[in-house]
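Asker: The working numbering applies: residue 422 is where the sequence shown begins, and numbers increase by one.
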Amino acid sequence: MDSTTIRARLEHPAAQELLGPDAPLARIAFVAPDGTPRVIPVGLVWQDEQLLSPSQDLHTSHPR
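1) From the DSSP output, read off the bridge partner residues of residue 461.
2) Pick from 448, 423, 456, 429: whose alpha carbon is nearest that of residue 465?
3) If you count every other CB in all the chains shown that lies within 10 Å of the CB of residue 473, and 16 or more means buried, which is it?
4) Would you decide whether residue 440 is buried or exposed? Buried here means 16 or more other CB atoms lie within 10 Å of its CB.
5) Assign residue 483 to one of three DSSP states: helix, strand, or coil.
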């Protein structure tokens with residue numbers, strides 16, 4: 422998939438509803454190595470032709 426196709430899909434009204442500033446948080450769920458379930462809230466926003474994540478800034482400013 423090329424960048425033009427990706428941009429067109431992200432600008433579709435349904436994608437805008439899911440990625441807009443009022444969108445609900447998505448959640449990533451997985452099972453940890455010790456067998457316990459984990460759920461992580463993930464917020465993404467499509468703005469000015471960029472997919473932004475608030476947590477992205479935290480990782481950049483506080484790398485481990």
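Note that beta-carbon positions come from the ideal geometry of N, C-alpha and C, so glycine has one too.
As the structure is a prediction and not an experimental result, all values here were calculated from the model.
Answerer: So, to answer that:
1) 449
2) 448
3) exposed
4) buried
5) Note that residue 483 scores 49 on pLDDT, short of 50, meaning its location in the model is unreliable and no value can be drawn from it.
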